[in-house]
Amino acid sequence: MLLAGTLAVAAAPLGHRTGLLPAGGALGLVAVALLPLLWVLAAGLLRLARGGLEQLDLRNGAGLVLAAGASAIPIATVVLSIGAPAIHDITTDTEDPPRFEAIVAARGSASNPIEYRGPALAATQRAAYPDIQPLIVAGNPGDLADVALAVARELGWQVVAAEPFGSEEIRDTGRGSRRASEQYRDVVIEATATTFWFGFRDDVVVRLRSADGVPGATTVDVRSISRVGIGDLGANAARIREFLDRLEAAVG
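Structure follows, in C-alpha coordinates:
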(Lines of atoms letter the chains of each structure in order from A and count residues from 1; the text may use other names and numbers.)
(Lines give C-alpha, C1' and ligand atoms only; values in the text may rest on other atoms or scores of the structure.)
Protein backbone atom coordinates (compact mmCIF):
# COMPACT_ATOMS: atom_id res chain seq x y z
CA MET A 1 0.00 0.00 0.00
CA LEU A 2 2.79 2.42 0.93
CA LEU A 3 4.86 1.51 -2.11
CA ALA A 4 1.84 1.77 -4.41
CA GLY A 5 1.00 5.22 -3.07
CA THR A 6 4.58 6.40 -3.51
CA LEU A 7 4.75 5.11 -7.07
CA ALA A 8 1.41 6.72 -7.92
CA VAL A 9 2.53 10.13 -6.64
CA ALA A 10 5.63 9.85 -8.83
CA ALA A 11 3.77 8.46 -11.85
CA ALA A 12 0.95 11.01 -11.94
CA PRO A 13 3.01 14.05 -13.00
CA LEU A 14 5.08 11.90 -15.34
CA GLY A 15 1.90 10.58 -16.92
CA HIS A 16 0.61 14.10 -17.50
CA ARG A 17 3.90 15.40 -18.88
CA THR A 18 4.03 12.56 -21.41
CA GLY A 19 0.39 13.01 -22.40
CA LEU A 20 -0.79 9.69 -20.99
CA LEU A 21 -2.98 11.28 -18.30
CA PRO A 22 -5.24 14.32 -18.56
CA ALA A 23 -4.86 16.99 -15.90
CA GLY A 24 -7.91 15.87 -13.95
CA GLY A 25 -6.85 12.24 -14.00
CA ALA A 26 -3.32 13.03 -12.83
CA LEU A 27 -4.53 15.20 -9.96
CA GLY A 28 -7.12 12.60 -8.98
CA LEU A 29 -4.45 9.90 -8.91
CA VAL A 30 -2.33 11.99 -6.55
CA ALA A 31 -5.32 12.64 -4.28
CA VAL A 32 -6.10 8.93 -4.02
CA ALA A 33 -2.43 8.01 -3.55
CA LEU A 34 -2.07 10.46 -0.69
CA LEU A 35 -4.57 8.59 1.47
CA PRO A 36 -2.31 5.63 2.39
CA LEU A 37 0.71 7.91 2.61
CA LEU A 38 -1.00 10.22 5.08
CA TRP A 39 -2.22 7.23 7.08
CA VAL A 40 1.34 5.85 7.39
CA LEU A 41 2.65 9.32 8.19
CA ALA A 42 0.05 9.90 10.90
CA ALA A 43 0.62 6.46 12.44
CA GLY A 44 4.38 6.96 12.52
CA LEU A 45 4.14 10.40 14.07
CA LEU A 46 1.72 9.06 16.68
CA ARG A 47 4.22 6.35 17.64
CA LEU A 48 6.93 8.98 17.95
CA ALA A 49 4.74 11.16 20.12
CA ARG A 50 3.88 8.30 22.43
CA GLY A 51 7.23 6.62 22.89
CA GLY A 52 9.94 8.37 20.95
CA LEU A 53 12.33 6.68 18.56
CA GLU A 54 12.23 3.49 20.62
CA GLN A 55 8.75 2.84 19.24
CA LEU A 56 9.99 2.75 15.65
CA ASP A 57 11.74 -0.31 14.30
CA LEU A 58 13.66 -0.20 11.02
CA ARG A 59 10.62 -1.08 8.92
CA ASN A 60 8.33 1.50 10.51
CA GLY A 61 11.05 4.13 10.41
CA ALA A 62 11.70 3.54 6.72
CA GLY A 63 7.98 3.68 6.04
CA LEU A 64 7.68 7.00 7.86
CA VAL A 65 10.55 8.51 5.90
CA LEU A 66 9.16 7.23 2.59
CA ALA A 67 5.67 8.52 3.33
CA ALA A 68 7.00 11.92 4.38
CA GLY A 69 9.16 12.24 1.27
CA ALA A 70 6.44 11.18 -1.16
CA SER A 71 3.79 13.45 0.33
CA ALA A 72 6.02 16.49 0.94
CA ILE A 73 5.41 18.27 -2.38
CA PRO A 74 1.62 17.72 -2.47
CA ILE A 75 1.24 18.81 1.16
CA ALA A 76 3.48 21.85 0.71
CA THR A 77 1.54 22.86 -2.42
CA VAL A 78 -1.77 22.71 -0.57
CA VAL A 79 -0.46 24.55 2.50
CA LEU A 80 1.14 27.34 0.48
CA SER A 81 -2.04 27.82 -1.54
CA ILE A 82 -4.39 28.14 1.44
CA GLY A 83 -6.58 31.15 0.87
CA ALA A 84 -6.02 31.24 -2.89
CA PRO A 85 -9.31 31.91 -4.70
CA ALA A 86 -10.72 29.63 -7.39
CA ILE A 87 -9.49 31.78 -10.27
CA HIS A 88 -6.83 31.16 -12.89
CA ASP A 89 -6.48 34.47 -14.77
CA ILE A 90 -4.39 37.16 -13.04
CA THR A 91 -3.33 40.54 -14.37
CA THR A 92 -1.77 43.75 -13.14
CA ASP A 93 -4.33 45.76 -15.12
CA THR A 94 -7.88 44.57 -14.54
CA GLU A 95 -9.45 47.46 -16.47
CA ASP A 96 -7.40 47.05 -19.64
CA PRO A 97 -5.72 43.63 -19.36
CA PRO A 98 -2.95 42.79 -21.83
CA ARG A 99 -4.32 40.77 -24.74
CA PHE A 100 -3.06 37.51 -26.17
CA GLU A 101 -2.68 37.28 -29.93
CA ALA A 102 0.06 34.96 -31.20
CA ILE A 103 -0.41 32.36 -28.49
CA VAL A 104 -4.16 31.84 -28.92
CA ALA A 105 -3.85 29.07 -31.52
CA ALA A 106 -1.37 27.11 -29.41
CA ARG A 107 -3.80 26.92 -26.49
CA GLY A 108 -6.27 24.72 -28.33
CA SER A 109 -10.01 24.41 -27.91
CA ALA A 110 -9.78 22.41 -24.68
CA SER A 111 -8.05 25.22 -22.77
CA ASN A 112 -9.74 27.71 -20.48
CA PRO A 113 -11.34 30.65 -22.35
CA ILE A 114 -8.84 33.43 -22.90
CA GLU A 115 -11.36 36.27 -22.77
CA TYR A 116 -11.08 38.30 -19.55
CA ARG A 117 -14.16 37.81 -17.39
CA GLY A 118 -14.50 41.41 -16.29
CA PRO A 119 -15.55 43.08 -13.01
CA ALA A 120 -16.37 39.94 -11.02
CA LEU A 121 -12.96 38.40 -11.68
CA ALA A 122 -11.24 41.73 -11.05
CA ALA A 123 -12.95 42.10 -7.67
CA THR A 124 -11.96 38.59 -6.61
CA GLN A 125 -8.36 39.19 -7.64
CA ARG A 126 -8.11 42.54 -5.84
CA ALA A 127 -9.38 40.94 -2.63
CA ALA A 128 -6.92 38.05 -2.82
CA TYR A 129 -3.88 39.73 -4.38
CA PRO A 130 -3.96 43.49 -3.71
CA ASP A 131 -0.22 43.69 -4.40
CA ILE A 132 -0.57 42.66 -8.05
CA GLN A 133 -0.20 46.10 -9.61
CA PRO A 134 1.49 47.65 -12.67
CA LEU A 135 5.20 48.43 -12.39
CA ILE A 136 6.54 51.79 -13.57
CA VAL A 137 10.22 51.87 -14.50
CA ALA A 138 12.54 54.39 -16.13
CA GLY A 139 13.09 54.13 -19.89
CA ASN A 140 10.87 53.81 -22.93
CA PRO A 141 9.35 50.48 -24.04
CA GLY A 142 11.99 49.98 -26.72
CA ASP A 143 14.81 50.40 -24.20
CA LEU A 144 13.26 47.76 -21.95
CA ALA A 145 12.28 45.18 -24.57
CA ASP A 146 15.53 43.21 -24.46
CA VAL A 147 15.61 43.32 -20.67
CA ALA A 148 12.07 41.96 -20.41
CA LEU A 149 12.87 39.20 -22.91
CA ALA A 150 15.97 38.24 -20.94
CA VAL A 151 14.02 38.04 -17.68
CA ALA A 152 11.34 35.89 -19.32
CA ARG A 153 13.99 33.46 -20.54
CA GLU A 154 15.75 33.42 -17.15
CA LEU A 155 12.46 32.23 -15.67
CA GLY A 156 12.35 29.39 -18.18
CA TRP A 157 9.47 30.77 -20.22
CA GLN A 158 9.18 29.77 -23.87
CA VAL A 159 8.87 33.05 -25.74
CA VAL A 160 6.34 32.76 -28.56
CA ALA A 161 6.32 36.33 -29.87
CA ALA A 162 7.57 39.82 -29.16
CA GLU A 163 5.70 42.41 -31.15
CA PRO A 164 5.13 46.18 -31.19
CA PHE A 165 1.70 47.75 -31.12
CA GLY A 166 2.92 50.67 -33.18
CA SER A 167 4.57 51.55 -36.45
CA GLU A 168 8.04 50.23 -35.63
CA GLU A 169 9.05 46.60 -35.57
CA ILE A 170 10.52 44.23 -32.99
CA ARG A 171 10.51 40.50 -33.55
CA ASP A 172 11.85 37.70 -31.41
CA THR A 173 14.55 35.71 -33.18
CA GLY A 174 15.39 33.25 -30.41
CA ARG A 175 18.67 35.12 -29.80
CA GLY A 176 17.19 38.44 -28.75
CA SER A 177 15.26 41.24 -30.40
CA ARG A 178 15.89 43.07 -33.64
CA ARG A 179 15.09 46.77 -33.48
CA ALA A 180 14.22 49.32 -36.13
CA SER A 181 13.86 52.11 -33.57
CA GLU A 182 14.33 52.79 -29.88
CA GLN A 183 10.86 54.32 -29.63
CA TYR A 184 7.79 52.10 -29.49
CA ARG A 185 4.30 52.92 -28.41
CA ASP A 186 3.76 49.44 -26.99
CA VAL A 187 5.85 46.28 -26.88
CA VAL A 188 4.06 43.00 -26.15
CA ILE A 189 5.80 39.72 -25.28
CA GLU A 190 3.86 36.45 -25.26
CA ALA A 191 5.27 33.32 -23.66
CA THR A 192 4.37 29.97 -22.14
CA ALA A 193 5.47 28.91 -18.66
CA THR A 194 5.54 25.25 -17.63
CA THR A 195 5.00 24.33 -13.98
CA PHE A 196 7.66 22.33 -12.17
CA TRP A 197 5.74 19.33 -10.91
CA PHE A 198 2.98 18.40 -13.34
CA GLY A 199 4.18 20.37 -16.32
CA PHE A 200 0.97 22.37 -16.59
CA ARG A 201 1.24 25.09 -19.23
CA ASP A 202 0.27 28.64 -18.33
CA ASP A 203 0.40 31.49 -20.81
CA VAL A 204 1.86 34.91 -20.04
CA VAL A 205 1.68 38.24 -21.83
CA VAL A 206 3.89 41.20 -20.87
CA ARG A 207 2.99 44.68 -22.09
CA LEU A 208 5.42 47.60 -22.07
CA ARG A 209 3.64 50.92 -22.58
CA SER A 210 4.78 54.52 -22.19
CA ALA A 211 3.61 55.67 -18.75
CA ASP A 212 0.86 58.27 -18.75
CA GLY A 213 2.06 61.54 -17.29
CA VAL A 214 5.56 60.25 -16.56
CA PRO A 215 7.98 61.29 -19.35
CA GLY A 216 10.69 58.75 -20.11
CA ALA A 217 9.01 55.98 -18.10
CA THR A 218 7.27 52.74 -18.98
CA THR A 219 4.31 50.99 -17.38
CA VAL A 220 4.84 47.23 -17.27
CA ASP A 221 1.72 45.07 -17.14
CA VAL A 222 1.63 41.29 -16.96
CA ARG A 223 -1.17 38.79 -17.36
CA SER A 224 -0.84 35.08 -16.59
CA ILE A 225 -3.58 32.54 -17.31
CA SER A 226 -3.75 28.77 -16.79
CA ARG A 227 -4.76 26.54 -19.68
CA VAL A 228 -6.51 24.03 -17.41
CA GLY A 229 -8.19 24.06 -14.02
CA ILE A 230 -10.58 26.34 -12.17
CA GLY A 231 -8.13 27.54 -9.53
CA ASP A 232 -4.38 27.92 -9.92
CA LEU A 233 -3.33 27.57 -6.25
CA GLY A 234 -1.80 31.03 -6.45
CA ALA A 235 0.67 30.09 -9.21
CA ASN A 236 -0.17 32.89 -11.64
CA ALA A 237 0.09 35.63 -9.02
CA ALA A 238 3.42 34.22 -7.85
CA ARG A 239 4.68 34.14 -11.44
CA ILE A 240 3.77 37.79 -12.00
CA ARG A 241 5.44 38.85 -8.75
CA GLU A 242 8.65 37.05 -9.65
CA PHE A 243 8.80 38.53 -13.13
CA LEU A 244 8.21 42.09 -11.94
CA ASP A 245 10.72 41.72 -9.09
CA ARG A 246 13.42 40.45 -11.44
CA LEU A 247 12.67 43.07 -14.07
CA GLU A 248 12.82 45.87 -11.52
CA ALA A 249 16.14 44.54 -10.22
CA ALA A 250 17.53 44.23 -13.75
CA VAL A 251 16.53 47.77 -14.67
CA GLY A 252 17.94 49.08 -11.39
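Throughout, our numbering is defined as the position within the sequence shown, counted from one, plus 54. Just so you know, even glycine gets a beta-carbon here, dropped at the ideal spot from N, CA and C.
One thing to note: L118 has its Cβ within 9 Å of the Cβ of L95. Note on geometry: alpha-carbon atoms of Q187 and T146 lie some 5 Å from one another.
Under the three-state reduction of DSSP output, Q179 falls in the helix class.
Rounded to the nearest whole angstrom, the CA to CA distance from Q212 to V242 is 14 Å. Rounded to the nearest whole angstrom, the CA to CA distance from P152 to R71 is 28 Å. Its Cα nearest to that of D257, the residue S165 stands out among L198, V205, S165. Taking a contact as a CB-CB distance under 8 Å, the pair A271 and A182 does not count as one, their CB atoms being some 28 Å apart. Here the alpha carbons of D143 and Y170 stand approximately 8 Å from one another.
Three or more Cβ pairs drawn from the segment 115 to 135 and the segment 86 to 100 lie within less than 8 Å of each other, which places the two stretches in contact. For I294, the uninterrupted alpha helix (DSSP H) run begins and ends at 289 to 305, by DSSP.
Distances from the alpha-carbon of G98 to those of G115, G82, A174, G79 put G115 closest.
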